[in-house]
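As given, the protein sequences belong to chains B and D, one line each in that order. Just so it is clear: in the first sequence, position 97 is 97 by our numbering, and no numbers are missing. Just so it is clear: in the second sequence, position 405 is 1405 by our numbering, and no numbers are missing. A quick write-up on the structure given underneath.
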Amino acid sequence: MTTLFDLCSLIRSKNAGPFVLTFDLMFSSKENYERAKRSRPLTKGLLAAIYCQREDDITLVYHDHALAIKASMPRPIFQGELQDGDCYGGQQYVPLLELEVV
Amino acid sequence: MEIRVLAATGVLGAGFKVESLNRGIALEPTFIACDAGSTDSGPAYLGSGKPKLSREACARDLRLLLKARDALKVPLIIGSCGTSGRDVGVDWMALIAREIASEERLHFKMALIKSDQSKAYLKKRLAEHRIRPLFPAPPISEQVIDSSHIVGMMGTEPIQAALAAGADVVLAGRASDSALYAAIPLTLGADPGLSWHAAKTLECGAACAVVPAADCMLASIRDGHFDIEPLDINARCTPQTIAAHTLYENANPFLLTEPSGVIDTGQAEYQARSDRVVRVSGSRFRAATQYTVKLEGSQLVGYQTVVIGGIRDPYIIRALDTLLPKARAFFDARIADLFPGQLTSNDYDISYRIYGRDGVMGPLEPERNSTPAHEVGVLITITAPTQELANKIATFVSHVSAHLPVPEYHGIISSIAYPFSPPELPRGAVYRFSLNHVVEPDDPHEMFRTDFVEIQP
């Protein structure tokens, strides 16, 4: 099984301001990027399910020059709220690492 | 036309190599700029007005930049002073600049642009329906305005006005990072799309270089394109790293909103000029029909005391889900008993975060029900209306948490290992972000105030 982790040189999550969580998946080659662009391992529906969001609230784009997939969504818990355990949003990408790429 | 823009580093105080700056100076930049703030480190800086980075770290960078500016006789623009860009942050940076000027015998005209927002002004605009939420904004009311410390994020216009009035050094409050770098190119008549895209790429310094670093970058904006390169001769950037920088900390890499419009990088082309220089063309700027200024607000939540410990016993780890709710019920009763009439259950919060189980992702943790770890870390957070109350509650929370009634055991045991004495750590005031809105002002200047100071050695 090939995973997103296998095809990417960097997978990260990050704040895009205090209220938005954003994911960058940088592929390690054009070939790997094109493979993911064809088979679409990451969908709005899948992200909505993993992060308990509404599908309509998710942005998902393919960036050909950056060889990257980018997804953004409302932060499941706003940055700095008492329940927030990840101030920088930096460790929220982990459920994406092992997603299968056909 | 060629405008050379020198970005010192991603955030003033993070540092940069002296050799990189010297290389930049030798290339005779049109001006030097650096951002000094962010909301990325959380609401505490805007709430408290305290800077994130040390005075020594900021002074080190500022000294080198003031001397470079003096040698070149070009403008220096620093934005979002003191992390939050609050007025106190600008004053703090101004004091550092004065001391450096005195020590280095520098002379310059300094503009201080303040961005704290008056509650009366914001309430007026709110009543006029000229404050709009940005998705996913929390609800806003006059009460939110009254209880928050709020800054407006300036665009290029107040910076351009300060420079037009003869400022050599601009210390700005909260400002769009890109505006610091776009202000002068736009004044000089450079293409808006290229100016803004170059600015957006420069705003994190050499974060878009290979290897990413806190260091200097240079963009040369010409007719039809800009070239960008790291000033460390051993660093590189590639079309992919420059294109990828539009992804960083933004929701949408193709449409980047600024006060005066939207940077559209959808048609941008990235081309390697050498193994370390990238040429960018095709960027567009779509001017907005309505100018907007983003508001950032931070609100006091209370005062916090934390307790840190660890659990090694598998029987206790397994029983936590039943033990912790019992402990909470006990705390509610104890607080009602000790502070009658002073605290209701809405006034305080006692939370357990179990590292080794779901400490990082909480309820979203996909492996929440997997085999328990052999050891877990426990972070207990007590939040109350005053530090004194948080400390007092924490003393019995830590005590009771260390003597949980584990079903397998008869008699008292210590159920949490505490590394510290006392285990309770007062953390001070805690804040939350309260605004994610934009104001529609009458003009780009009305929310900002500029003072000029002639600095003599």
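For each residue, glycine too, the CB sits at the ideal point set by N, CA and C.
Look at the alpha carbon of Ile50 of chain B and the alpha carbon of Asp64 of chain B, and state the distance between them as a whole number of angstroms.
Spanning the two alpha carbons is a distance of roughly 25 Å.
- Item | chain B within 9 Å of Met1361 of chain D, Cβ atoms only | So, interface residue.
Original post:
Does Ala66 of chain B get closer than 9 Å to chain D when you measure Cβ to Cβ?
Top reply: Closer than 9 Å to some Cβ of chain D, the Cβ of Ala66 of chain B qualifies, so yes.
Checklist entry - For Glu1258 of chain D, which of D:Ile1393, D:Ala1209, D:Pro1192 has the nearest alpha-carbon? => result When only C-alpha atoms are compared, the closest one is D:Pro1192.
- Item | Distance between beta carbons of Phe1108 of chain D and Asp1061 of chain D, contact taken as under 8 Å | The C-beta distance from Asp1061 of chain D to Phe1108 of chain D rounds to 17 Å, too long to fall under 8 Å, and the pair is not in contact.
Any beta carbon of chain D sitting closer than 9 Å to that of Pro41 of chain B? Chain D has no Cβ within less than 9 Å of the Cβ of Pro41 of chain B.
Discussion item. Any beta carbon from chain B within less than 9 Å of Asn1369 of chain D's own beta carbon?
Written reply: False, the Cβ-Cβ gap to chain B never drops below 9 Å.
* Asked: Nearest to Leu964 of chain D by alpha carbon, out of D:Ala1057, D:Cys1058, D:Leu1076?
  -> Lying before the first or after the last residue shown, residue 964 of chain D is absent from chain D, which here runs from 1001 to 1457.
| message | Checking 9 Å against the spacing of the C-beta atoms, do Leu1046 of chain D and Glu1388 of chain D come in under that value? | response | Result no, Cβ atoms of Leu1046 of chain D and Glu1388 of chain D do not sit closer than 9 Å.
* Asked: Is the beta carbon of Tyr88 of chain B less than 9 Å from the beta carbon of Ser1084 of chain D?
  -> 9 Å or more divides the Cβ of Tyr88 of chain B from the Cβ of Ser1084 of chain D.
Under 9 Å between the Cβ atoms of Leu21 of chain B and Pro74 of chain B?
The criterion of a C-beta distance shorter than 9 Å is satisfied by Leu21 of chain B and Pro74 of chain B.
- [ ] Step through the CB atoms of chain D and report whether any lies within less than 9 Å of the CB of Ala16 of chain B.
- [x] So yes, Ala16 of chain B belongs to the interface.
Does the distance from the C-beta atom of Ala1179 of chain D to that of Met1154 of chain D stay below 9 Å? Yes.
Quiz item: Is the Cβ-Cβ distance between Pro1426 of chain D and Ala1390 of chain D less than 9 Å?
Solution: Pro1426 of chain D places its beta carbon less than 9 Å from that of Ala1390 of chain D.
key: According to DSSP, residues forming a beta bridge with Val1439 of chain D   = For Val1439 of chain D, the pairing in a beta bridge is given by DSSP as D:Ile1131, D:Val1293.
**Report entry** Glu81 of chain B, DSSP secondary structure in three states
**Finding:** Glu81 of chain B falls in the coil class under three-state DSSP.
| For a contact meaning CB atoms closer than 7 Å, what does Glu100 of chain B contact in chain D? | What Glu100 of chain B touches in chain D, judged by beta-carbon distance under 7 Å, is nothing: the nearest beta carbon there is about 15 Å away.
Exercise. Considering only residues of the same chain and omitting the five flanking positions on each side of Ser1434 of chain D, which have a CB-CB separation below 6 Å?
Worked result: If we look at Ser1434 of chain D and ignore the five residues flanking it on each side, its Cβ neighbours are Val1144, Ser1148, Gly1297, Gln1299.
When the cut-off is 9 Å and only beta carbons count, does Pro1185 of chain D lie next to chain B?
Judged by the 9 Å Cβ criterion, Pro1185 of chain D is not in contact with chain B.
On a Cα-Cα basis, can you pick out the residue from D:Phe1226, D:Asp1232, D:His1437 that is closest to Val1278 of chain D?
Residue D:Phe1226 is the option with its Cα nearest to Val1278 of chain D.
Exercise. What separation, rounded to the nearest whole angstrom, lies between the Cα atoms of Phe1452 of chain D and Arg1098 of chain D?
Worked result: Their backbone Cα atoms lie some 13 Å apart in a straight line.
Review point. Residue range of the beta strand (DSSP E) that Val1376 of chain D falls in?
Key: 1376-1384 is the span of the beta strand (DSSP E), which, as asked, contains Val1376 of chain D.
query = Relative to chain B, which residues along the segment 1411-1435 of chain D have a C-beta separation below 8 Å, given in chain order?
reply = Listed by position, the residues of the segment 1411-1435 of chain D near chain B (Cβ gap below 8 Å) are Val1430, Tyr1431, Arg1432, Phe1433.
Give the secondary structure of Leu1247 of chain D by DSSP, where H, G and I count as helix, E and B as strand, and everything else as coil. In this structure, Leu1247 of chain D counts as helix in the three-state DSSP scheme.
Notebook entry, point to check: In chain order, what residues of the same chain have a beta carbon less than 7 Å from the beta carbon of Ser28 of chain B, not counting five sequence neighbours either side?
Noted result: Apart from sequence neighbours up to five positions away, the residues of its chain that approach Ser28 of chain B with a beta-carbon distance below 7 Å are Leu7, Cys8, Ser9, ordered along the chain.
- Task: Please state if the CB of Gly1079 of chain D and the CB of Ile1003 of chain D are separated by a distance shorter than 9 Å.
- Result: Taking 9 Å as the Cβ cut-off, Ile1003 of chain D and Gly1079 of chain D do not qualify as a contacting pair.
Would you call the CB atoms of Ala1207 of chain D and Ala66 of chain B closer than 9 Å? Between Ala1207 of chain D and Ala66 of chain B, the C-beta gap is not smaller than 9 Å, which leaves the two residues out of contact.
Q | Three-state class that DSSP yields for Leu1053 of chain D in the structure shown | A | Looking at Leu1053 of chain D - three-state DSSP - the assignment turns out to be coil, as it is neither helix nor strand.
Please decide whether Phe5 of chain B counts as near chain D, where near means a Cβ-Cβ distance under 9 Å. Cβ-Cβ to chain D under 9 Å: no for Phe5 of chain B.
Review point. Run through DSSP, which three-state label would Ala1219 of chain D get?
Key: Ala1219 of chain D carries a strand assignment under DSSP once its states are collapsed to helix, strand and coil.
For this session: Can you give me the start and stop residues for the beta strand (DSSP E) that Arg1449 of chain D sits inside?
Result: For Arg1449 of chain D, the enclosing beta strand (DSSP E) starts and ends at 1449-1455.
message: List, from N- to C-terminal side, the beta strand (DSSP E) runs of 3 residues or more that fit wholly inside the segment 1224-1279 of chain D.
response: As far as the segment 1224-1279 of chain D is concerned, its whole beta strand (DSSP E) runs of at least 3 residues are 1225-1230, 1255-1258, 1261-1264, 1269-1272.
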